[in-house]
Amino acid sequence: MRIHQEIETRAERRCSYGALYTTLDRLEQKGYVSSRIGESTPERGGRAKKFFKIDSAGKAALRQSYGATRRMAQGIEPQWGGAS
Amino acid sequence: MIRVQRYTYPVVGTVGFVLMLWGIIEKQHHYWLRDCGAFILLLNMGSVLPVMRAHARDYLPTMRRLQRLCDLTGVPFGFANAMYRWLCPFIFGTLFLSLASLATGMFLGPTEKFLHYGSYTFEFLCIIGIGIFLTRHRKVESILRKLESAAHSRHLPSSPPRAAKFILLLVPKRHREHLIGDLEEEYTAMLLPEYGVRRARIWYWWQVAISIGPLLWVQIRRGVAIAWLWKRVP
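One line per chain: the protein sequences are A and B, in this order.
Last residue of the first sequence: number 84 in my numbering, and the count goes up by one each step with no gaps.
Last residue of the second sequence: number 318 in my numbering, and the count goes up by one each step with no gaps.
In structure tokens:
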């Protein structure tokens, strides 16, 4: 629930639980994140919580992806400045 | 920090009030004392405003929850009148007017009695406003607690729609428990108390509708891929 809330707050867009679980599952299969089953709570109807943790491979991939996005943005920003 | 605030505001306020009263009793001889007292009192009230703002932030959601609970339990929602809507602007307005007239009065000197006494009047009104705000907030909180326990004893339909939960059985097993748990937690802890049963149920159905697609699509793709491979096997 926390990841879902964070995505909706930070990205300012709706995100379904299904899409979130699919993405997290795919990231886990690639070895970028690892999960563990937490304790069950009465608010969840006695169901267990699933906690995700980013692994070192995930951090490296994230760093690479973020760097690429930043370099791309550096190329775009002057174009915007010129256009306006 | 809270304890410091609890004692600082009344003590500083009393000091300011005593100085102001002393200045009024002494009349023209100690007009600066009277104005300093009023100024201290105003500063003290200004420092109460962040605390009031923190109260106001959770006041409106509390009122919505309260209204919903009143609807469910049949308790009249009479005390939540429009006065609150005007209370905050009233407090800020009187504080500003008091400060402005006091500053102008201090600048022009003791002869401008109209400005000085106007400032004290606004200050008095501001104190009353803050008092009403804080007592009303506490009252609302206590009533809310009582109503919540009353609503709980009436066994409100707090569980999500069963048909929607049945549809969620289509979700792959490894995600099912966590997905249903997440939806149920948000439904029970956030949606139900804030928006009531009807809206919470609509939200639950909508979440089921948009969540099931991506999860099923993975399964369908996998099934199609297996079928395709099976056909290729000699």
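Just so it is clear, CB atoms sit at the ideal spot from N, CA and C, and this is done for glycine as well.
Everything numeric in this text was worked out from a predicted model, so none of it was measured.
**OP:** Find out if the Cβ-Cβ distance for the pair residue 273 of chain B, residue 43 of chain A is shorter than 8 angstroms.
**Re:** Residue mapping note: residue 273 of chain B aligns to position 189 of the second sequence, counting from 1. Residue mapping note: residue 43 of chain A aligns to position 43 of the first sequence, counting from 1. Yes. Within cutoff.
Subject >> Contact list for residue 22 of chain A against chain B, beta-carbon separation under 7 angstroms >> reply: Taking the first residue of the first sequence as 1, we reach residue 22 of chain A at position 22. Near residue 22 of chain A (Cβ distances below 7 angstroms), the residues of chain B are 298, 299 and 302.
**OP:** Quick one: measure Cβ to Cβ for residue 214 of chain B and residue 264 of chain B, integer angstroms, because I've assumed they're closer than 8 angstroms.
**Re:** Along the second sequence, one-based indexing puts residue 214 of chain B at 130. Along the second sequence, one-based indexing puts residue 264 of chain B at 180. So it is not a contact: roughly 47 angstroms between Cβ atoms.
**OP:** Indicate the three-state DSSP secondary structure (helix, strand or coil) for residue 97 of chain B in the structure shown.
**Re:** One-based indexing of the second sequence puts residue 97 of chain B at position 13. Helix, per DSSP.
Original post:
Got a sec: is the Cβ-Cβ distance from residue 247 of chain B to anything in chain A below 8 angstroms?
Top reply: The sequence position of residue 247 of chain B within the second sequence is 163, counting from 1. No, residue 247 of chain B lies away from the interface with chain A (no Cβ there is under 8 angstroms from its Cβ).
**OP:** Would you mind telling me which residues of chain A sit closer than 7 angstroms to residue 264 of chain B, beta carbon to beta carbon, in chain order?
**Re:** Locating residue 264 of chain B in the second sequence gives position 180, where the first residue counts as 1. The answer, in chain order, is 47.
Original post:
Of all Cβ atoms in chain B, is any one closer than 8 angstroms to the Cβ of residue 17 of chain A?
Top reply: The count along the first sequence starts at 1 and reaches residue 17 of chain A at position 17. Answer yes: the Cβ-Cβ gap between residue 17 of chain A and chain B drops below 8 angstroms somewhere.
Subject >> Residue-chain proximity (residue 278 of chain B, chain A), Cβ-Cβ < 8 angstroms >> reply: Here residue 278 of chain B refers to the residue found at position 194 when the second sequence is read from its first residue. Chain A contact via Cβ: absent.
**OP:** Look at the alpha carbon of residue 68 of chain A and the alpha carbon of residue 216 of chain B, and state the distance between them as a whole number of angstroms.
**Re:** Mapped onto the first sequence, residue 68 of chain A falls at position 68. Mapped onto the second sequence, residue 216 of chain B falls at position 132. Whole-angstrom Cα-Cα distance: 57 angstroms.
Original post:
Is the Cβ of residue 259 of chain B closer than 8 angstroms to any Cβ of chain A?
Top reply: As a position in the second sequence, residue 259 of chain B is number 175, starting the count at 1. Closer than 8 angstroms to some Cβ of chain A, the Cβ of residue 259 of chain B qualifies, so yes.
**OP:** Keeping to the same chain, check which residues put their C-beta closer than 7 angstroms to that of residue 254 of chain B; ignore five residues upstream and five downstream.
**Re:** For the purposes of this step, residue 254 of chain B is taken as the residue at position 170 of the second sequence. Excluding positions up to five away in sequence, the list reads 296 and 300.
Original post:
Given that residue 50 of chain A touches chain B, what residues does it touch there, using C-beta distances under 7 angstroms?
Top reply: In the first sequence, the residue the question calls residue 50 of chain A occupies position 50. Within 7 angstroms Cβ-Cβ: 262.
Original post:
residue 244 of chain B: which of B:210, B:219, B:284 and B:212 sits nearest, CA to CA?
Top reply: Indexing the second sequence from 1 puts residue 244 of chain B at position 160. Out of B:210, B:219, B:284 and B:212, B:284 has the C-alpha closest to the C-alpha of residue 244 of chain B.
Subject >> Residues that residue 293 of chain B bridges to, as DSSP identifies them >> reply: For the purposes of this step, residue 293 of chain B is taken as residue 209 along the second sequence, with counting starting at 1. Answer is none; residue 293 of chain B lacks a bridge partner.
Original post:
Under 8 angstroms between C-beta atoms, does residue 12 of chain A make it to chain B?
Top reply: In the first sequence, counting from the first residue as 1, residue 12 of chain A sits at position 12. Chain B contact via Cβ: absent.
Original post:
Three-state secondary structure (DSSP) at residue 28 of chain A?
Top reply: Numbered from its first residue, the first sequence carries residue 28 of chain A at position 28. In the structure shown, residue 28 of chain A sits in a helix (DSSP, three-state: H, G or I).
Original post:
At which residues does the alpha helix (DSSP H) containing residue 265 of chain B begin and terminate?
Top reply: Locating residue 265 of chain B in the second sequence gives position 181, counting from the first residue. Run containing residue 265 of chain B: 257 to 270, per the alpha helix (DSSP H) assignment.
Original post:
In this structure, what does DSSP give as the bridge partners for residue 51 of chain A?
Top reply: Translated into the one-based positions of the first sequence, residue 51 of chain A becomes position 51. In the DSSP output, where bridge partners are listed per residue, residue 51 of chain A has A:36.
Subject >> Test: residue 135 of chain A CB closer than 8 angstroms to a CB of chain B >> reply: Nothing about residue 135 of chain A can be read from this structure; chain A reaches only from 1 to 84.
**OP:** Buried or exposed for residue 54 of chain A, please, with buried defined as at least 16 other CB atoms from any protein chain shown within 10 angstroms of its CB.
**Re:** Here residue 54 of chain A is taken as the residue at index 54 of the first sequence, counted from 1. Flag for residue 54 of chain A reads exposed.
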